[in-house]
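Below is one structure, written out as structure tokens; comments come after it.
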Amino acid sequence: MDLVEKGLQLFERGKYQEAQRVLSKAVDIAQEELKKGETQWRSKLGLLLDSRAACYQKLGDLDAALQDARQQLALEPYKCKSYLRASKIHVLAGRDEDALEVLEAGVRRLERGKTKYGSRLQINERLFNKMTAEIEELRQKSFSDPPAKRRKVKSYDPLNYLPFELQATIFSHLDQPSMMNCLLVSHRWKQTLENMPTLLHSPVLKRNLSLKEFVKFLNFCRTRQCRSFETLSLSLRAVEESSMLKQLLSSGFQVKRLNLNLAKYDNFELAKLLSNITTGRKMFAELKELSLSLPIVENGAGMTELLGFLGPNITKLNIVITDLVVSKLVRREPSKIDLPQLSRLVIMVRPKLHEKLNKRLMRVLFANFTIDNVQSLHLINCDVEAATMEKVLQRLEKLEHFSADSCGALILGDYLRFLSRNGVSLESLAVRESTLPRPSSSVSDIDLRFLWRLKSLSLENTSLNFQQLFLLLQSTNQQLRHLKLKANYKLIFTRSAFDTRIPSAATLPVNFREFLQCVPKLESLALIQCTNLTDSALRSLSTEMVNTSCPKGLKLLDLSANEVSGVGIIDLFQRPKSWLRLDQLLAHGCDLHPDTLSLLVRRGYCGDIQSLA
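Using the working numbering, you'd call the opening residue of the sequence shown number 366 and step up by one each time.
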């Protein structure tokens, strides 16, 4: 006779103490065998734990009984007997709510198992019905027990009390695998999700999607009668890009906003694929917005061959060039492209790519690209020649937002001169000059009246001095809301004690009174990595802020990467008659003690402070 049979016989005779000792030995043996990989002991271990829990229950040791019941639940989550045992122990301990919670969780788990595994999952229907009966009994008991009504319920089904609109908003933020899991929660959840067809209009797909997963997703959308997407973002596995693109382009789905990240598939291959797939050409022709990240092969036509598949309705185009090589086998003639409704264009080239190819690519693109209605133009690491840039900017009569980041040897003065000749009124201007050898910027001979509507100005790595900056700020007609100055080495904020040179117009420090009077409506000010921006300069800034009473609406101040300490920053707020109160202070790379940060927050000077040494 083995230990299992001996323990069960002792239990039937009422010898619970002896049965508990025998079953404990059997449990130890079963656990050791299970660790060795002997899976046939799994069901036997569940029986032993249930029997030992019954022994502890008879002996009055309910804590030990509950511990065994929980082990049995973890071991056999689809066995009704596990939930019934744990529920009974809770009832004996006077915890009816916990008993009800265990049974309800068990019913939900078993229903999910039926949905997920179907006929492969064998469930004891008699015990399952017993579970549901006990649930109803416990619910009736809780309603008839006044103290129980006042007990706090530990969990709720959010679908019971959240409005439908809020449910749809929450579900819209889930990625596709999470959405599939939600379908398995319960029948009600499945019905609710199926009644929200808009969730499939902008699906959130995980990165590096496999071909199998993508095909499964498309088939799922077809079964839900979904034939169009508002927004579709795809980050494909490099080894399966070709097959997945063919699946997408031949699927017949309509897409308004497409975000496509390609690692190896270049512009020439994508254009060739589009020319062979009719539904793919239709998809591209009907796009409203396109964001494309891919390597570029320069074959004479540049990107014009691929962009020629876009239709006239596209409004936003974002291109990220991850690699740039020249084709030695295929040469094509560039084609003319006209996108009359394009309002926003962003072109980014990864840094340190081939400079000559970069310049040739931009020359071919803008020579054949008609984008006269663009309102927002952003160029990053695009090596554009001065003549090309001048022609582009002079054609953009509706331009409102312009950003140029490290675009060849062009300097701030060049951009301002080109924009001045156009006469367009900008709302935002951001210029970061490259590190290439270039002449110094000069704005004194430029008509800057086109800046009268400027709300946002960002200047980085330029050679502007204070006099030239003052001319720029004066031209904004006191409308500037956001100003960022970073690493402009000739913009000196205070003279150094070691500077023995005679001050000249180019080396005069910033006059804070004149500076602040030009920007009375400023809401955010960033002074990053500035020349001689020290505690002494901050004291001068604080004094003039009190004297001029502006900018009263300042909510964000960024002093990162400067030689300032907590003494200078505290002086900004504690100077007599100081009115400065900030929503956010950024001081990364500054010498600030933790006590200084807590003081600024505790006294209400700043709502939030971010400082990384």
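Just so it is clear, CB atoms sit at the ideal spot from N, CA and C, and this is done for glycine as well.
Keep in mind it's a predicted model, so treat the numbers as computed, not measured.
Per DSSP, which residues does residue i bridge with? Please list them.
i	result
Ser768	His743 and Ala795
Glu825	Arg797 and Lys851
Gln949	Leu921 and Asp973
Asp956	Ser930
Ser656	Asn624 and Asn683
Please classify residue i: does DSSP put it in a helix, a strand, or coil?
i	result
Thr859	coil
Val695	coil
Ser484	helix
Lys517	Reliability fails at Lys517, whose pLDDT of 48 lies under 50, so the model's placement of it is uncertain and no value is given.
Val808	coil
Asn683	strand
Glu651	coil
Cys586	helix
Ser976	coil
Leu599	strand
Asp900	helix
Asp688	strand
Ile776	coil
Glu403	coil
Ala458	coil
Asp540	strand
Val789	coil
Ala891	strand
Glu663	strand
Phe594	strand
Arg417	helix
Thr841	coil
Leu781	helix
Lys495	helix
Tyr526	coil
Arg477	helix
Leu671	helix
Lys763	coil
Tyr443	coil
Arg967	helix
Val818	Reading off the sequence, residue 818 comes out as Arg, not Val. DSSP places Arg818 in coil when its eight states are reduced to three.
Could you pull out every residue in the same chain whose Cβ sits closer than 8 Å to the Cβ of residue i, ignoring the five residues on either side in sequence?
i	result
Leu845	Leu819, Lys820, Ser821, Leu822, Leu838, Cys883, Val884, Lys886 and Leu887
Lys517	Its pLDDT being 48, under 50, Lys517 is placed unreliably by the model, and nothing is read from it.
Lys401	none
Pro427	The residue asked about is misnamed: residue 427 is Leu in this sequence, not Pro. Correct list, in chain order: Tyr421, Ile454, Leu457 and Ala458.
To which residues of the same chain is residue i closer than 7 Å at the C-beta, ignoring the five residues directly before and after it?
i	result
Arg407	Leu399 and Leu440
Arg786	Gln759
Ala603	Ala628 and Lys629
Leu486	Tyr443, Gly478 and Lys479
Phe783	Met754, Glu755, Leu758 and Gln759
Glu383	Leu375
Val789	Leu761, Glu762, Leu764 and Phe815
Ser452	Ala464, Val467, Leu468 and Glu499
Considering only residues of the same chain and omitting the five flanking positions on each side of residue i, which have a CB-CB separation below 6 Å?
i	result
Tyr421	Ala429 and Ala430
Phe493	Cys445
Glu928	Thr899
Val711	Asn683 and His743
Leu977	His953
Ala774	Leu801 and Arg803
Leu726	Glu663 and Gly667
Lys571	Asp540
Asn746	Val714, Pro716 and Ser771
Leu950	Leu922, Cys971 and Ile974
Hey, residue i and residue j are a contact pair by Cβ (cut 8 Å); roughly how many whole angstroms apart?
i	j	result
Gly673	Ile642	Contact flag wrong, Cβ pair sits at about 15 Å.
Ser551	Arg473	6 Å
Ala852	Gln894	5 Å
Leu813	Leu836	6 Å
Val966	Lys942	Incorrect: roughly 22 Å between the Cβ atoms, too far for contact.
Leu947	Thr913	Contact doesn't hold; Cβ gap of about 18 Å is too wide.
Leu937	Leu903	6 Å
Glu670	Ala636	5 Å
Leu761	Asp737	7 Å
Gln612	Val580	6 Å
Ala795	Tyr780	Actually they do not touch by this definition, with Cβ atoms about 10 Å apart.
Val387	Lys371	5 Å
With 7 Å set as the bound, which would you pick, yes or no: does the beta-carbon of residue i sit closer than that to a beta-carbon of chain D?
i	result
Ser976	Of the chains in the structure shown, none is chain D; there is only one protein chain.
Legend entry - Unbroken stretches of the beta strand (DSSP E), 3 residues or longer, contained in the stretch 617-647: 619-626
Legend entry - Length at least 3, wholly inside the stretch 702-758: the beta strand (DSSP E) runs in chain order: 709-714 and 741-745
Legend entry - Secondary structure, alpha helix (DSSP H): runs of 4+ residues fully inside the stretch 542-588: 552-559 and 576-588
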